[in-house]
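Visitor: When we follow the working numbering, the leftmost residue of the sequence shown carries the number 71, and every step to the right adds one.
One structure is given below, represented as structure tokens, and several questions about it will come after.
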Amino acid sequence: MGDGEVRWGVIGTGAIARRFVDGLPYVDGASLAGVWGRNRESAATFAATGVTIAESVEELLESEIDAVYVATLPDSHGAYSLAALEAGKAVLCEKPSMMRTEELERVLAVARTRGVLFMEAMKTPFYPVYRSLQRQLLEDPIGPVRFVRAGNSLANVAAAHSSWRLEAGGGGLMGIGVYQAFLAVSWMGEVLDVQALGRLSSGGVDAFATVQTLHANGFGQIFCGLDVAGPGDAVLAGERGYATIHGPWWNAARATVRYSDGRIVELEEAVVGGGLNYETEHFCGLLREGKVESPVMTHETSVQMMRVLDRARTALGVRFP
Ligand SMILES: NC(=O)c1ccc[n+]([C@@H]2O[C@H](COP(=O)([O-])OP(=O)(O)OC[C@H]3O[C@@H](n4cnc5c(N)ncnc54)[C@H](OP(=O)(O)O)[C@@H]3O)[C@@H](O)[C@H]2O)c1
């Protein structure tokens, strides 16, 4: 990272890896230095763009890269994150960070001991309109947020999609509920209790779930699913009003704040570059500053999110191998 340029290596060559790479040109001082994927076919489409394809993950980690984007499925996030951290490479790891809290804590301990940056790739808090909303609620508060209601349920998740695979860390909670968990945790803090109801697929993943969360500072109401078409907005409620992040709230472009005195503030900001570029920009800044943790997407936020998912899965009877 001699001249401040962050050279990225990508592990995994699926849909999100492609979106990450497509977003890199929108990030100042970031470039793609190498890719490793076990799937030779999808790796070849990256090779066609002229990027170096490593023969093995070890080769990628030994190459001249500064940061690794872990873009595989959740069951391998832990192993690849650990390998990268042990090699001294900063890690931006896709959501959900790990399979369970204990695994995440092991990875975070290595990141801290080694003094290497680790961040879960939670894109939403870096979107322009989300940041505008945070500023709005700071300058003209609705009071502390005491209730978060958020959902995202898709009706058309293909039978072949990894979300249906228990062993890969599938299920609506892991794939989708993680965003809602983020919202509740980041606005209301530590998770004290989780209740969940839901329906499991024949393969044992949660096909639909509704979850209630008790936090240090309020209550969350979350739903997520793979076979029901649900609305995708989010509400943050305080004593003096509430804010709606319009659907799809996790790819936020519009928000409305309604104050109890009748005022309405509309916020709208387009997403440019696909959306992953905003978190990548933030991550590159942290790396240049020598940080080991993001002040926005903190380690503790990831731990608390994972705790929501763990407890909800336990309540539903979803058991990863
Ligand atoms: N931030 C976002 O907006 C967003 C959106 C969608 C997904 N995601 C997250 O991104 C991650 C990947 O999702 P995706 O949609 O990109 O999935 P995908 O299209 O199925 O791609 C997954 C990639 O990881 C590879 N892979 C899977 N398990 C592996 C292992 N054990 N070792 C090596 N490579 C492995 C796959 O290779 P094969 O083809 O050989 O299986 C494939 O290249 C998930 O954690 C998901 O939750 C994030």
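Note that CB positions come from ideal geometry on N, CA and C, so glycine has one too.
Quick caveat: nothing in here was measured; it's all calculated off a predicted structure.
1. Does the Cβ of glycine 245 have 16 or more other Cβ atoms within 10 Å, making it buried, or fewer, making it exposed?
2. Within 8 angstroms (strictly less), CB to CB, does alanine 228 reach chain D?
3. When you compare each of Ile135, Ala160, Val91 and Lys165 to histidine 147 by their alpha carbons, which one comes out closest?
4. Who does tyrosine 312 pair with in a DSSP beta bridge?
5. Between the beta-carbon of threonine 142 and the beta-carbon of glycine 82, is there less than 8 angstroms?
6. Counting beta carbon pairs with one atom in the region 157 to 164 and one in the region 182 to 198, are three or more of them shorter than 8 angstroms?
7. Take the Cβ of arginine 205 as the centre, count every other Cβ of all protein chains shown within 10 Å, and call the residue buried at 16 or more, exposed below.
8. How far does the beta strand (DSSP E) with arginine 358 in it reach, from first residue to last?
9. Compute the beta-carbon to beta-carbon distance between valine 261 and glutamine 374, rounded to the nearest angstrom, for a pair I have assumed lies under 8 angstroms.
10. Excluding the five sequence neighbours on either side, which residues of its own chain have a C-beta within less than 7 angstroms of the C-beta of threonine 368, listed in chain order?
11. Could you check the C-alpha separation between tyrosine 348 and alanine 340 for me, to the nearest Å?
12. With a threshold of 7 angstroms (Cβ to nearest heavy atom), would glutamate 164 be considered close to ligand 1?
13. At a cut-off of 7 angstroms, would you count threonine 119 as near ligand 1, judging by its Cβ distance to the nearest heavy atom?
14. Which same chain residues, not among the five before or five after aspartate 380, have their C-beta less than 8 angstroms away from its C-beta?
15. Residues in its own chain within less than 7 angstroms of aspartate 303 by CB, not counting five upstream and five downstream?
16. In terms of alpha-carbon separation, which member of Gly387, Pro214 and Glu363 lies closest to valine 186?
17. Three-state secondary structure (DSSP) at serine 167?
18. By the 10 Å Cβ neighbour count, where 16 or more other Cβ atoms means buried, how is aspartate 263 classified, buried or exposed?
19. Starting from the C-beta of proline 211, find all residues in its chain whose C-beta is less than 8 angstroms away, skip the five residues before and the five after it, and write them out in chain order.
20. In the DSSP assignment, the alpha helix (DSSP H) including methionine 375 goes from what residue to what residue?
21. When DSSP labels each residue in this structure, what does threonine 115 get in the three-state scheme?
22. Report the three-state DSSP secondary structure of aspartate 263 (helix, strand or coil).
23. Determine the DSSP secondary structure at asparagine 222, reduced to helix, strand or coil.
24. Does at least one heavy atom of ligand 1 sit under 7 angstroms from the Cβ of serine 146?
25. Taking the C-alpha atoms as reference points, what is the distance between leucine 202 and tyrosine 329?
Guide: Let's see:
1. Stepping through the sequence shown from its first residue, residue 245 is reached at position 175. So glycine 245 counts as buried.
2. Any reference to chain D falls outside this structure, which holds one protein chain only.
3. Here the question's residue 147 lines up with position 77 in the sequence shown. Nearest of Ile135, Ala160, Val91 and Lys165 to histidine 147, Cα basis: Lys165.
4. Reading the sequence shown from its first residue, position 242 is the one you call residue 312. Answer is Ala307 and Arg328.
5. As a working mapping, residue 142 is identified with position 72 in the sequence shown. As a working mapping, residue 82 is identified with position 12 in the sequence shown. Yes, the pair counts as a contact, with Cβ atoms nearer than the cut-off.
6. Yes, the region 182 to 198 is in contact with the region 157 to 164.
7. Taking the sequence shown and counting its residues from 1, one reaches residue 205 at position 135. With fewer than 16 other Cβ atoms within 10 Å, it is exposed.
8. Within the sequence shown, the letter at position 288 stands for residue 358. From DSSP, arginine 358 is part of no beta strand (DSSP E) but of the alpha helix (DSSP H) over 346 to 358.
9. Residue 261 sits at position 191 when you count from the first residue of the sequence shown. Residue 374 sits at position 304 when you count from the first residue of the sequence shown. With a Cβ gap of about 5 angstroms, valine 261 and glutamine 374 count as contacting.
10. The residue labelled residue 368 in the question sits at position 298 within the sequence shown. Take threonine 368, set aside five residues on each side of it, and no residue of its chain has a beta-carbon closer than 7 angstroms to its own.
11. In the sequence shown, residue 348 corresponds to position 278, counting from 1. In the sequence shown, residue 340 corresponds to position 270, counting from 1. In a straight line, the C-alpha of tyrosine 348 is about 12 angstroms away from that of alanine 340.
12. The residue given as residue 164 occupies position 94 in the sequence shown. Answer for glutamate 164: yes, Cβ within range of ligand 1.
13. Counting from 1 along the sequence shown, the entry for residue 119 is found at position 49. Relative to the non-hydrogen atoms of ligand 1, the Cβ of threonine 119 never comes closer than 7 angstroms to any of them.
14. Here residue 380 refers to the residue found at position 310 of the sequence shown. The answer, listed in chain order, is Arg170 and Thr171.
15. Counting from 1 along the sequence shown, the entry for residue 303 is found at position 233. Only residues of its own chain outside the window of five on either side were considered, and among them Thr314, Ile315, His316, Gly317 and Trp319 have a CB closer than 7 angstroms to the CB of aspartate 303, listed in chain order.
16. Along the sequence shown, read from residue 1 onward, the residue named residue 186 stands at position 116. Nearest Cα to valine 186 within the set Gly387, Pro214 and Glu363: Glu363.
17. Walking along the sequence shown from the start, residue 167 turns up at place 97. Secondary structure at serine 167: coil, using DSSP grouped into helix, strand and coil.
18. Reading the sequence shown from its first residue, position 193 is the one you call residue 263. Counting C-beta atoms within 10 angstroms of its own C-beta, aspartate 263 has fewer than 16 neighbours from the protein chains shown and is therefore classed as exposed.
19. Mapped onto the sequence shown, residue 211 falls at position 141. So the list reads Gly308 and Arg310, once near-sequence residues are dropped.
20. The residue you call residue 375 lines up with position 305 of the sequence shown. First-last of the alpha helix (DSSP H) with methionine 375: 369 to 386.
21. As a position in the sequence shown, residue 115 is number 45, starting the count at 1. For threonine 115, the secondary structure class from DSSP, reduced to helix, strand or coil, is helix.
22. Residue 263 sits at position 193 when you count from the first residue of the sequence shown. The three-state reading of DSSP puts aspartate 263 in strand, counting E and B together.
23. The residue given as residue 222 occupies position 152 in the sequence shown. Residue state, collapsed to three classes: strand.
24. Position 76 of the sequence shown holds residue 146. Yes - ligand 1 has a heavy atom lying nearer than 7 angstroms to the Cβ of serine 146.
25. Taking the first residue of the sequence shown as position 1, residue 202 is located at position 132. Taking the first residue of the sequence shown as position 1, residue 329 is located at position 259. Before going further, note that residue 202 is serine rather than leucine in the sequence given. Serine 202 and tyrosine 329 have their C-alpha atoms some 16 angstroms from each other.
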